[in-house]
């Protein structure tokens, strides 16, 4: 079980303000929250605004997947090597009446019943784009111009228990995934960086762009992160949520040939395909809006409401 | 790992039709599907129609929770005793660089890496209403008239791998939960049974009402199920999906004092509170609509479209 990172005083204050206003509902598990009606309204209002950004784009496919992913995919795509500390795997019971009774007896006393559980073929979805690559791969060579997929809002999981409300363990990520030539990926990333900066301005979020790296695990991970920064493969837009530093609320990622090699994605005739994505952390953006504009949605600036609540 | 139940010929045909039309996207795991754009449109259209049914009701609270639930709650509420075979628990990694490398090496070969995973404080959400009871309990005595909660569409999990498209392992359940006097629960259940029968008629679903029982586990479970039927605690509306029998698509449940005793829910002064709920199996309803009206949504009867796509 990953260790708990307590909130700073500022993070705890934001948490308590959100709870008092009914926006977040704490549970018995760190980083797992119920969401109140205004929180849901802002969250869905934001993602509707993202939909409007993409509404004129040609050839965007939508794909919707459940919050559990076949285990096979994280065994294949390298996630367990890079982010073992963030992964969640699903276990289940497959015993007889006696084992079920013993399991229940222990569980009812909140004692350890893990020995009755064994690994299933499922894990908790770590990233919105992970179901997309195998599905694109099934179709054979890429069509000319490549592919754009809108994952919609997907529940994803990162096992990092924290008192910081910005660090939820399960939250919605929405991604636009591009599988295309390296040039098209670069153009796609720039387009979405511009669009997103514009949208954040319209909703009153003071977000700045940074070169960033993924939270890779361990000693090898530190090298991977340094390499990712050196090559400027990841940009983030960061905004103030619980402080002390701003938190990433959107990221713009260039995976080079990572996924195309793993899933054997390429164009007819052998032209190289790469992948990239833009990812929105929907709950973090919602939190940044509450931080920026206050707990009472009815008092938010009119132009912000006009963008979010159409 | 629960054993796989293959599809009948009729179920396999429906599955293949749905896949060919792009409504369901199979994955490497049984009962875990991606959903195509028209499937999502019908699914969200149906749940919007349910929202309209409830729009005039006074005092309905909305609560939204993630697809993972604190493990503590299924230890406390008896789920593991009644449905151990359907539960999923979340495990995670908490080791050093060496263990991470060994885990990844085994996973990359699709070998067993379960020994590196240990139980977390989370399980996969089994029912949309489970986060509701502890939250209501936190508030103290119930207000006069009790409580009504709309869970919205929640991803829930039942570990029953099957080739029958109607038996998904993760799907949306929407519940309206009532905590109130036994009389108010009865009235609530009748109201929703009538409303739902009316809605299903308007969308062209030939659904019939049956006395039903939950899929309790084992020998004791057979007695629990018989008792539940004898007392008429559960009604289901069933409709044809993959056959051969109709499948439950909505249920109307009276829990008596099961949850109110566990969570110590009661009225000021000690008047007895019970709970009940109406639950919609949103994917099954969507599937029943495709079964009834065909794979091409644009050819569905005009009055069905008028109800679903406003």
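Residue numbers (my numbering), protein chains in the order written: chain A, 327 to 636; chain B, 327 to 636. Quick reminder that beta carbons are idealized off the backbone N, C-alpha and C, glycines included. Because the structure is a prediction, the values reported are computed rather than measured.
Name the chain B residues whose beta carbon is nearer than 7 Å to that of residue i?
i                      : result
residue 426 of chain A : 410, 543, 544
residue 360 of chain A : 389, 390, 391, 457, 461
residue 423 of chain A : 544, 545
Under three-state DSSP, which class holds residue i?
i                      : result
residue 493 of chain A : coil
residue 560 of chain A : strand
residue 576 of chain A : strand
residue 408 of chain B : helix
residue 567 of chain A : coil
residue 456 of chain A : coil
residue 364 of chain B : helix
residue 529 of chain B : coil
residue 476 of chain A : strand
residue 585 of chain B : helix
residue 439 of chain B : coil
residue 400 of chain B : helix
residue 352 of chain A : strand
residue 616 of chain A : helix
residue 390 of chain A : strand
residue 591 of chain A : coil
residue 500 of chain A : strand
residue 515 of chain B : helix
residue 483 of chain B : strand
residue 601 of chain B : strand
For residue i, return the contacting residues in chain B, with the cut-off set at a CB-CB distance below 8 Å.
i                      : result
residue 486 of chain A : Under the 8 Å cutoff, chain B gives no residues; its nearest Cβ is about 10 Å from residue 486 of chain A.
residue 398 of chain A : 354, 355, 436
residue 618 of chain A : Near residue 618 of chain A there are no residues of chain B at all, since even the closest Cβ is about 22 Å away, more than 8 Å.
What residues from chain A crowd round residue i, counting only those whose CB sits closer than 9 Å?
i                      : result
residue 593 of chain B : Neighbours of residue 593 of chain B on chain A: none; closest Cβ ~23 Å, over 9 Å.
residue 366 of chain B : 388, 390, 478
residue 440 of chain B : 415, 417, 444, 445
residue 340 of chain B : Per Cβ cutoff of 9 Å: no residues; residue 340 of chain B is ~19 Å from chain A at best.
Can you tell me the Cβ-Cβ gap for residue i and residue j, rounded? I've got them flagged as a contact below 8 Å.
i                      : j                      : result
residue 410 of chain B : residue 417 of chain A : Contact flag wrong, Cβ pair sits at about 12 Å.
residue 563 of chain B : residue 368 of chain B : Their Cβ separation, rounded to whole angstroms, is 18 Å, which puts residue 563 of chain B and residue 368 of chain B out of contact at 8 Å.
residue 479 of chain B : residue 373 of chain B : 5 Å
residue 468 of chain A : residue 599 of chain A : 6 Å
residue 499 of chain A : residue 365 of chain A : Contact doesn't hold; Cβ gap of about 17 Å is too wide.
residue 393 of chain B : residue 481 of chain B : 4 Å
residue 375 of chain A : residue 525 of chain A : 6 Å
residue 519 of chain B : residue 535 of chain B : 7 Å
Going along chain A in order, which residues have a C-beta closer than 7 Å to the C-beta of residue i?
i                      : result
residue 407 of chain B : 430
residue 419 of chain B : 410, 411, 413
residue 401 of chain B : 433, 434, 436
Please go through the same chain and pick out, in chain order, the residues whose beta-carbon is closer than 6 Å to the beta-carbon of residue i, but skip the five residues on each side of it.
i                      : result
residue 414 of chain A : 450, 483, 485
residue 549 of chain A : none
residue 603 of chain B : 455, 501, 503, 579
residue 529 of chain B : 630, 633
residue 592 of chain A : 599
residue 644 of chain A : Given that chain A is displayed from residue 327 to residue 636, the structure contains no residue 644 of chain A and the question cannot be resolved.
residue 572 of chain B : 564, 565, 566
residue 626 of chain B : 619
residue 408 of chain A : 542
residue 508 of chain A : 600
Quick one: what's got a C-beta closer than 8 Å to residue i's C-beta in the same chain, skipping five residues either side?
i                      : result
residue 425 of chain B : 419, 442
residue 531 of chain A : 565, 575, 611, 614, 615, 618
residue 456 of chain B : 395, 399, 400, 403, 405
residue 438 of chain B : 432
residue 510 of chain A : 471, 472, 504
residue 621 of chain A : 343, 344, 346, 347, 349
Does the distance from the CB of residue i to the CB of residue j come in under 7 Å?
i                      : j                      : result
residue 318 of chain A : residue 454 of chain B : Absent from the structure is residue 318 of chain A, since the part of chain A shown begins at 327 and ends at 636.
residue 401 of chain B : residue 431 of chain A : no
residue 487 of chain A : residue 357 of chain A : yes
residue 340 of chain B : residue 452 of chain B : no
residue 423 of chain B : residue 596 of chain A : no
residue 362 of chain B : residue 348 of chain B : yes
residue 589 of chain B : residue 459 of chain B : yes
residue 475 of chain A : residue 594 of chain A : no
residue 489 of chain A : residue 381 of chain A : no
residue 445 of chain B : residue 440 of chain A : yes
residue 379 of chain B : residue 521 of chain B : yes
Could you tell me which chain B residues have their CB closer than 9 Å to the CB of residue i, listed as they occur along the chain?
i                      : result
residue 481 of chain A : 392, 393, 394, 481
residue 363 of chain A : 387, 388, 389, 390
residue 550 of chain A : Correct list: empty, because the minimum Cβ distance to chain B is about 13 Å.
Going along the chain, which residues of its own chain have a beta-carbon closer than 7 Å to the beta-carbon of residue i, five neighbours each way excluded?
i                      : result
residue 336 of chain A : 568, 569, 570
residue 539 of chain A : 551, 554, 555, 560
Strictly below 8 Å CB to CB, what residues from chain A border residue i?
i                      : result
residue 523 of chain B : Neighbours of residue 523 of chain B on chain A: none; closest Cβ ~29 Å, over 8 Å.
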